[in-house]
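Undergrad:
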Amino acid sequence: MENKLKKQQEQVDKHQVMITALIQQQHQKAQRLTQNATIPLSAIDDIDNQLRKQQEQIDKQQTSITSLHQKQQTPTSKGVVYVRWGRMDCPGNTTELVYSGYAGGSHYSNKGAAAEYVCLPPDPSWGPKQNIRAQQPGLMYGAEYEDDILFNVKDRNRDVPCAVCRSSIQSTSIMIPARSTCYPGWDAAYHGYLASGYYNQPAASQYVCVDQEPQTLLGGGSSNDEGKLFFQVRAKCGSLKCPPYEDDKVLSCVVCMK
Numbered sequence: 314m315e316n317k318l319k320k321q322q323e324q325v326d327k328h329q330v331m332i333t334a335l336i337q338q339q340h341q342k343a344q345r346l347t348q349n350a351t352i353p354l355s356a357i358d359d360i361d362n363q364l365r366k367q368q369e370q371i372d373k374q375q376t377s378i379t380s381l382h383q384k385q386q387t388p389t390s391k392g393v394v395y396v397r398w399g400r401m402d403c404p405g406n407t408t409e410l411v412y413s414g415y416a417g418g419s420h421y422s423n424k425g426a427a428a429e430y431v432c433l434p435p436d437p438s439w440g441p442k443q444n445i446r447a448q449q450p451g452l453m454y455g456a457e458y459e460d461d462i463l464f465n466v467k468d469r470n471r472d473v474p475c476a477v478c479r480s481s482i483q484s485t486s487i488m489i490p491a492r493s494t495c496y497p498g499w500d501a502a503y504h505g506y507l508a509s510g511y512y513n514q515p516a517a518s519q520y521v522c523v524d525q526e527p528q529t530l531l532g533g534g535s536s537n538d539e540g541k542l543f544f545q546v547r548a549k550c551g552s553l554k555c556p557p558y559e560d561d562k563v564l565s566c567v568v569c570m571k
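Okay, so the sequence shown: first residue is 314 according to my numbering, each after it adds one.
(1) Look at Lys541 and Tyr454 and say whether their C-beta atoms are less than 8 Å apart.
(2) Rounding to the nearest angstrom, what Cα-Cα distance links Gly392 and Ala426 in this structure?
(3) Does the separation of the CB atoms of Gln525 and Glu429 fall below 8 Å?
(4) Whole angstroms is fine: what's the gap from Arg469's alpha carbon to Ser422's?
(5) Just to confirm before moving on: does the CB-CB distance between Ala501 and Cys550 stay below 8 Å?
(6) Are the Cβ atoms of Cys478 and Thr407 separated by less than 8 Å?
(7) Would the segment 552–567 count as touching the segment 483–491 if we require 3 or more Cβ pairs under 8 Å?
(8) Taking its Cβ as the centre, do 16 or more other Cβ atoms sit within 10 Å of Leu531, making it buried, or is it exposed?
(9) For Ser480 and Lys571, what's the separation of their Cα atoms in angstroms?
(10) Leaving out five residues before and five after Lys424 in sequence, what residues of the same chain have Cβ atoms less than 8 Å from its Cβ?
(11) What are the boundary residues of the beta strand (DSSP E) that Pro490 is part of?
(12) List the residues that DSSP assigns as beta-bridge partners of Lys439.
(13) Exposed or buried, what is Asp472 when buried is set at 16 or more other beta-carbons lying within 10 Å of its beta-carbon?
(14) Measuring only the C-alpha atoms, how far is Pro441 from His420?
(15) Let me check understanding here. Comparing Cα to Cα, which of Tyr506, Pro556, Glu459 and Ser413 lies closest to Pro437?
(16) Would you kindly work out how many angstroms separate the C-alpha atoms of Val411 and Ala447, rounded to a whole number?
(17) Where Thr485 and Trp499 are concerned, what is the direct C-alpha to C-alpha distance, given to the nearest angstrom?
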């Protein structure tokens, strides 16, 4: 954003210099016209036409300057939201915290489970039908780490926090698996290790990026309550091309913004 505003300001300055030069030309020609009474009428008409064209150019330049100033002063409508899994805070790279909460989802053993991980807020607000009972409901559980070494927690079964973050500078985000850095032109929100459910469990899951320095949920327990689980993800050669991938290696990840 700063680079874009700088370029716009350079354009404004350039246009202002052109306007000043054109006005000076007008004044000089007007002075010559008043000092030389022998100038033929056709020459005077030519000067008038030139002055008229120059005035049109000045008006266009002034309109352009005004438009650039308005763009600089108009608040941006850009913004992108992403979830930082395994953390209660947002990185300091132009992002703000929307809320921090609890990672959750369906139970790993449920065949009809929803696949997604969700970031639940710490302060739920209930609707008027909160006590209605259905015979076949969906269920929401909390989430636990299932790898104490990779996720650097004291033991397995620690509860997982999450943070919903927003950047007002960028307008899009993407999670790139198997990368620890972004491609040129993109800014890294955070990087870490790819996580998912265990491949042999009944419930489907998805791939998410857990921060490289994960935290545990404040006030959360370490008992094996199960629910939505976070396992490491390793590369498996075969249909996955090796190289560049290597069999049984833990995959990294990065969340990038632009």
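Glycine included, C-beta positions come from ideal geometry on N, C-alpha and C. Please read these numbers as outputs of a predicted model, since none were measured by experiment.
TA: By the coordinates alone:
(1) yes
(2) 31 Å
(3) Their beta carbons are not under 8 Å apart, which means Gln525 does not touch Glu429 by this criterion.
(4) Arg469 and Ser422 have their C-alpha atoms spaced approximately 18 Å apart.
(5) no
(6) no
(7) yes
(8) exposed
(9) Approximately 10 Å between the Cα atoms of the pair.
(10) Cβ neighbours of Lys424 beyond the five flanking positions: Pro515 and Ala516.
(11) Residues Ser486 to Pro490.
(12) What sits at residue 439 in the sequence shown is Trp, not Lys. Partner(s): none; Trp439 has no beta bridge.
(13) buried
(14) 26 Å
(15) Looking from the CA of Pro437, the closest CA among Tyr506, Pro556, Glu459 and Ser413 belongs to Ser413.
(16) Across the structure, Val411 and Ala447 are spaced so that their CA atoms are roughly 32 Å apart.
(17) 10 Å
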